[in-house]
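Structure, as structure tokens:
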Amino acid sequence: MPQTPSLPGTTDRRLAALLTLLSENATIVISGARIARETGMSRSTVWRWVEELRKLGVQVKGQRSTGYFLEKVPDVLTPDLLRKRLKGNLFGKRVFHFFKIDSTNRVAMELGYAGEPEGTIVMAESQTAGRGRSGRTWHSEKSSGLYFTVLLRPRLAPAQAPLLTMLAGVSAHTAIAAQTGVVPELKWPNDLMLNGKKLGGILTEMHAEPSVVRFVIVGIGINVNQEKFPSELSAIATSIRREMGRMHYRLELLARLLTQFENDYNRFLREGAKFVVERFESVSTFGRGRRVRVDSGLDSYTGVTAGIGPEGLLLVQRDNGPLTTIIAGDVTEVR
Ligand code: BTN
Numbered sequence: 000m001p002q003t004p005s006l007p008g009t010t011d012r013r014l015a016a017l018l019t020l021l022s023e024n025a026t027i028v029i030s031g032a033r034i035a036r037e038t039g040m041s042r043s044t045v046w047r048w049v050e051e052l053r054k055l056g057v058q059v060k061g062q063r064s065t066g067y068f069l070e071k072v073p074d075v076l077t078p079d080l081l082r083k084r085l086k087g088n089l090f091g092k093r094v095f096h097f098f099k100i101d102s103t104n105r106v107a108m109e110l111g112y113a114g115e116p117e118g119t120i121v122m123a124e125s126q127t128a129g130r131g132r133s134g135r136t137w138h139s140e141k142s143s144g145l146y147f148t149v150l151l152r153p154r155l156a157p158a159q160a161p162l163l164t165m166l167a168g169v170s171a172h173t174a175i176a177a178q179t180g181v182v183p184e185l186k187w188p189n190d191l192m193l194n195g196k197k198l199g200g201i202l203t204e205m206h207a208e209p210s211v212v213r214f215v216i217v218g219i220g221i222n223v224n225q226e227k228f229p230s231e232l233s234a235i236a237t238s239i240r241r242e243m244g245r246m247h248y249r250l251e252l253l254a255r256l257l258t259q260f261e262n263d264y265n266r267f268l269r270e271g272a273k274f275v276v277e278r279f280e281s282v283s284t285f286g287r288g289r290r291v292r293v294d295s296g297l298d299s300y301t302g303v304t305a306g307i308g309p310e311g312l313l314l315v316q317r318d319n320g321p322l323t324t325i326i327a328g329d330v331t332e333v334r
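Count the sequence shown with numbering that gives the first Met the number 0 and you get residues 0 to 334, in order.
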């Protein structure tokens, strides 16, 4: 199995191995001796690592004399389990996992500069400074949502990089619908909405020369199992659990999303922008005939969406004004 190098703060490999072993044998008592043998830690330190897991909120039953077990598989995004689910895939090779980090985008950006290969993933159980669009923060409650970033090194012009944001939105949309049965609305360029509230978002950042992209990082946040949100968000945010009334196993959703994204990404590289625009229009009706308000930062106006241009930019027919191509800014539906 490919080894991912460790980075300050990443989940210790022994801890991850212990969690994987217990998860794969849930409800079965495993002796300290076997844990030591299979995870490469000394027998005398097994209990210390079990305590570490307990501190992180994983409910490990049992004791030193009898062995340890899990009553049920915890919904922790263990890198080993993800790698197994993504065997041979671009996104299954290098996986960095954190129980707590400021922002997976921040880490992925550093890994990009450090030369990590295409396909590297950074994922976290919680973020203390998750980044959202327009300088906003992304609420990242522990082990409730998916918070991850993928590193890509496509041969693209910088102007084409925003297409990756749209593409990730489409892949996330497809994966959520297939995995959970809930069909979100995809709002241009990258908001996943459910019953008018925000379910997920994507933040793409890049390092580029004037004519070529060096690397792009695509950060994806999806609200999966949150029961409630802080008061300032409760009117505008929702989760799959809140809408469906039941929990979903995040690892399965993540694996499906990454598999879908890899397929979509490869087709985009082969077929170009046209593929992204067509995929987007096949799952979203937002691009045509919606009344919207556009806030570009400099300007604010209303109009009706009039299609997605060949490079993925939204066209808006302004009220009493020209057809305008939206390059940046917030687009909100007005009813
Ligand atoms: C938005 O504002 O709609 C974009 C939100 C993107 C949030 C994700 S969570 C994982 C990744 N790491 C970050 O710091 N942000 C993105």
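Glycine included, each C-beta is placed from N, C-alpha and C at the ideal position.
All values reported here derive from a predicted model rather than from experimental measurement.
- In the three-state reduction of the DSSP assignment, HIS247 falls in the coil class.
- The beta carbon of PHE147 sits closer than 7 Å to at least one heavy atom of the ligand BTN.
- ASN189 is a Cβ neighbour of THR164, given a cutoff of 8 Å.
- Counting C-beta atoms within 10 angstroms of its own C-beta, ASN265 has fewer than 16 neighbours from the protein chains shown and is therefore classed as exposed.
- Burial check for TYR248: the Cβ neighbour count within 10 Å stays below 16, so the residue is exposed.
- Between THR203 and PRO161 the beta-carbon gap is near 7 Å, inside 8 Å, which marks them as a contact.
- By the criterion of a C-beta distance shorter than 6 Å, GLY168 is surrounded in its chain by LEU185, ASN189 and ILE201, once the five residues flanking it on both sides are discounted.
- Buried is the label assigned to ILE219, since at least 16 other Cβ atoms lie within 10 Å of its Cβ.
- Distance check between THR9 and each of LYS92, MET122 and PHE97 places PHE97 closest, using alpha-carbon atoms only.
- Look at SER139: its beta carbon is less than 7 Å from one of the heavy atoms in the ligand BTN.
- Taking one beta carbon from each stretch, the region 270-288 and the region 102-114 have fewer than 3 pairs nearer than 8 Å; the two do not touch.
- A distance below 6 Å between beta-carbons, with the five flanking residues on each side excluded, links ILE34 to the following residues of its chain, in chain order: VAL45.
- Shortest Cα-Cα distance from ALA123 to any of ILE221, ASN319, PHE267 and ARG241 involves ILE221.
- Cβ contact annotation for LEU80 (same chain, cutoff 7 Å, sequence separation greater than five): THR19, SER22 and LEU250, in chain order.
- Relative to THR301, the option among LEU312, LEU322, PRO309 and GLU310 whose CA is nearest is LEU322.
- Within the region 199-268, complete beta strand (DSSP E) segments of at least 3 residues are found at 212-221, given in chain order.
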